[in-house]
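Peer 1: Pasting a structure here, questions to come.
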Amino acid sequence: MLSNFRLSMAWLHTWFGLVLGFVLVVVFFFGSLSVFDREFDRWAIPETRFEPPPMPSFDQVLLPLLQRVPPDEADYAANMPLLHDSAQGPMTPRLQLPADEFWAYTTHRDPVLAMGVGFRVPQPKDPLGHNHIHGDTTVDPRDGSLLREGRQKIGSEFFYPLHYSLHLEWKFIGFWIVALAALSMLAMLVTGLVMHRKLFAELFTFRPAKHLRRGLLDLHNLTGVVALPFHFFFAFTGLVIFAAFYYLPVSDTMLRPLAQAHAVAEAAATGLPHERAGVAAPLASVDAMVVEARRRWEARGMPGQVGFLQVHHVGDANSYVSIYRAGSDRVALVGQAVHFKGSTGEVLREEPAPTVPHGIEEFLTGLHLQHFEHWLLRWLYVFGGLLGCVCIATGFLFFVEKRKRQHAQQGLAGSRLVDALAVSTVTGMLIATAAILIANRLLPDGLADKGWWERLAFWLAWLLAAAHAFWRSAPVAQARLSPAWREQCWAIAALCPLAVLLNWATTGEHLGRTLFQYWPVAGVDLALLGTAGLAAVAARRLARRERRGPSPASGLAAKEAAHV
Amino acid sequence: MSEALMLLIAALAAGAGMAGFALSQPMHWARVAASEGAAAPRVRRGLRGAATLCLAASLVLCLAADHPTMAVLVWVMLLALAAAAVALLLAYRPRLLRGLQGATRRLAP
């Protein structure tokens, strides 16, 4: 192998960084956009552009709507055969499935409410399992109207899942690829530190005036080191969040009997019934329960709004209602639940303060998922995420710059390939993002499954950008700059303002009206314009660099140590 | 003091602290002064001490503005922002840090 530890770490950093960097930069970028996912939702669905109210009356507004939500067709078709025990009788038709669970979720950033129903499978194969067919809806809380089907929430339903699963759902493979990338990210940080000898001496060092390779490496080190805690914690907490559910699902597989026994024992200990009694009972006033829950939170010194509400065992004597506080004033997630007996409204259990491990887990999860209300911290998160993107992108560019002269002399195509992939991933990603926003404004609102068309526009735009990147990459094989960078920067500089103009044209809400009045839309428009400005500056600098031609092979090429 | 004002001052304190750490390094001191030579070791130590105090003050202000769990995150991210800003200043507009350099020279001859 390589002669010493540092060289080995350098090899690891280079090659894992290169391969998984393409996934990581996508994860980081869409993660950064996801900080403001609900704001993108509002930009994309103009009917939802109003101030978020607190959760409306459950009894008057939400319950009637929940009782009308049907089970999702796709979920029924996919899962009913898996859950239903055909030996006990025929499958219950979709529209006759009894409701077993109601839930409603609200955040301080979302004007509309997400709600859903879990429908019971009457004759399940595994009676102790979680046998639910789901039906979800989104509600305008002001008048109880439902959001029209097919309207995609571009932020929370597209950018956000793209960030953690790449929308590759077959056998959850996307989750695993992102997990591998996150784990590699941790390795990148450690190996990067091992390679970077002068950590504190070069902490503020950025020398763009020197030749390109030095400037790129400086920027790579700078963006990696100044936000090192951020990069480390986001990769780490990302893994922690999904660890128990996706990566190590022992409670659903190897330890299933133990997990189920634990659930039953916990139900006995907490007084929250695990199973239905089989006796019908009405639901008491949930609004009164909400008032009591909020009173109890206030009494414990943590006043707050309802974040999540769940009705278990709907219609049964064992029904209970769990009311969770929206944790918008601290990092730890929604918590401090109060549980009420469904039929009478009495308090069954007020959850105690979390244990230390649970508290740590809540903190780590809350750190990543950011349900808190703190605009500065959110923008600082975006800044950190974009620093991560710059770190990874400069890594690609440095890789190419370091090797392209040698590859040109030897007639190898490695640098050209990596450079084309870098263009596809970095500027291509931005082009695709602008494209989906443009498609959202251009496609008619009444289009059935408009979301499908928007996603098509996104992936097609990215594919075209990648094709363009490869088509234009020939100069890299002669150790010159690929014009694809400049051309795609100009494309971004054109497409982003176009999205802003289309927002104005289709909704009339231009920056003059939204600035200081309605920040979600103003923020997206400003971010688009800012991106366009940066892209234009970059395009002009790239044009100057292209005209200057390749820098003369400095003595550095001669002194270059064997790179791994 | 309003939360926004406290956070603004916390950000500026973080910036001052990071600038102090940067200037304590000969390479950056020389770049800002546009001449060779570093400050005396005693001056550099004093600069680093002052910078540490600035960063501590920044943390205190963050803690005063928010719930402790959020305050710590805000502070760590402000440090990142400040360090990046100082690095960019040193790269593109080093003369903007001359004021700080001059103040250091006067306070610690």
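Residue numbers (this note's numbering), protein chains in the order written: chain B, 1 to 564; chain X, 565 to 673.
We treat Cβ as the ideally placed atom computed from N, Cα and C, and that holds for glycine.
#1: Using beta-carbon positions only, say whether B/Val226 and X/Ala648 come within less than 7 Å of one another.
#2: State the start and end residues of the unbroken alpha helix (DSSP H) segment that holds B/His262.
#3: For B/Arg416 versus B/Ser473, is the C-beta distance shorter than 7 Å?
#4: Starting from the C-beta of B/Ala535, find all residues in its chain whose C-beta is less than 6 Å away, skip the five residues before and the five after it, and write them out in chain order.
#5: Tell me, which residues are paired with B/His84 by DSSP?
#6: Less than 7 Å between the beta carbons of X/Met641 and B/Leu447, yes or no?
#7: Between the alpha carbons of B/Glu362 and B/Thr138, how many angstroms are there, rounded?
#8: Distance cutoff 7 Å, beta carbons only. Does B/Pro229 sit that close to anything in chain X?
#9: Would you kindly work out how many angstroms separate the C-alpha atoms of B/Leu542 and B/Val27, rounded to a whole number?
#10: Could you list which residues in chain B have their beta carbon closer than 8 Å to that of X/Thr668, in chain order?
#11: Buried or exposed for B/Trp459, going by 16 or more other Cβ atoms inside 10 Å?
#12: Flag this pair as yes or no: are the beta carbons of B/Phe372 and B/Ala420 separated by less than 7 Å?
#13: Measure the C-alpha to C-alpha separation of B/Pro200 and B/Ala538 and round it to an integer number of angstroms.
#14: Run through chain B and tell me which residues come within less than 9 Å of X/Val638, C-beta to C-beta.
#15: Does DSSP put B/Phe233 in a helix, in a strand, or in coil?
#16: Between the stretch 319-339 of chain B and the stretch 282-296 of chain B, can you find at least three pairs of beta-carbon atoms closer than 8 Å?
#17: Does chain B have any CB closer than 7 Å to the CB of X/Met565?
#18: Can you tell which of B/Tyr105, B/Ala10, B/His211 and B/Pro46 has its C-alpha closest to the C-alpha of B/Glu401?
#19: X/Ala570 versus chain B: which residues are under 7 Å apart at the beta carbon?
#20: At a Cβ cut of 7 Å, what residues of the stretch 331-347 of chain B count as close to chain X, listed as they run along the chain?
#21: Look at the alpha carbon of X/Trp593 and the alpha carbon of X/Met570, and state the distance between them as a whole number of angstroms.
#22: With DSSP run on the structure shown, which of helix, strand or coil describes B/Ser319?
#23: Taking the C-alpha atoms as reference points, what is the distance between B/Pro257 and B/Pro122?
#24: Are there 16 or more other CB atoms within 10 angstroms of the CB of B/Ala562, so buried, or fewer, so exposed?
#25: Against B/Gly384, what residues of chain X qualify as contacts under a CB-to-CB distance less than 8 Å, listed in chain order?
#26: Quick check: the Cα distance between B/Ile594 and B/Glu509, rounded to an integer number of angstroms?
#27: Inspect the beta-carbon positions of B/Phe206 and B/Leu222 and report whether they are closer than 7 Å.
#28: Short of 9 Å Cβ to Cβ, which residues in the stretch 198-209 of chain B face chain X?
#29: Are at least three pairs of beta-carbons, each pair with one atom in the stretch 569-584 of chain X and one in the stretch 518-531 of chain B, less than 8 Å apart?
#30: Can you give me the Cβ contacts of B/Tyr324 inside the same chain, cut-off strictly under 6 Å, excluding the 5 residues immediately before and after it?
#31: Decide if B/Trp170 is buried, meaning its Cβ has at least 16 other Cβ atoms within 10 Å, or exposed.
#32: In this structure, how does DSSP classify B/His134 when only helix, strand and coil are distinguished?
#33: I want to see whether chain B comes within less than 7 Å of X/Thr616, judged by CB atoms only; does it?
#34: By the DSSP assignment, the alpha helix (DSSP H) with B/Leu348 in it spans what residues?
#35: X/Ala586 versus chain B: which residues are under 7 Å apart at the beta carbon?
#36: Quick one: what does DSSP say B/Lys210 is sitting in, helix, strand or coil?
Peer 2: This is what the structure holds:
#1: yes
#2: Arg256 to Thr270
#3: yes
#4: Cys489, Ile492 and Ala493
#5: B/Pro124
#6: no
#7: 27 Å
#8: yes
#9: 26 Å
#10: Going along chain B, no residue has its Cβ under 8 Å from X/Thr668, so there is no contact; the nearest lies around 16 Å.
#11: exposed
#12: no
#13: Looking at the sequence provided, one finds Phe at residue 200 of chain B rather than Pro. Near 30 Å, if we compare the C-alpha coordinates of B/Ala538 and B/Phe200.
#14: His374, Leu376, Leu377 and Leu380
#15: helix
#16: yes
#17: no
#18: B/His211
#19: Going by the sequence as given, residue 570 of chain X is Met instead of Ala. Ordered by position in chain B, no residue passes the 7 Å Cβ test against X/Met570, which lies about 11 Å from the chain.
#20: Val331 and Ala332
#21: 30 Å
#22: coil
#23: 21 Å
#24: Here the model assigns B/Ala562 a pLDDT of 38, short of 50, so the residue's position is not dependable and the matter cannot be decided.
#25: Met641 and Ala644
#26: Here chain B has residues from 1 to 564 only, and residue 594 of chain B is not among them.
#27: yes
#28: Phe200, Ala201, Glu202, Leu203, Phe204, Thr205, Phe206, Arg207, Pro208 and Ala209
#29: no
#30: Gly307, Phe308, Val334 and Ala337
#31: exposed
#32: strand
#33: no
#34: That residue, B/Leu348, is in no alpha helix (DSSP H); its beta strand (DSSP E) goes Val347 to Glu350.
#35: Phe204
#36: coil
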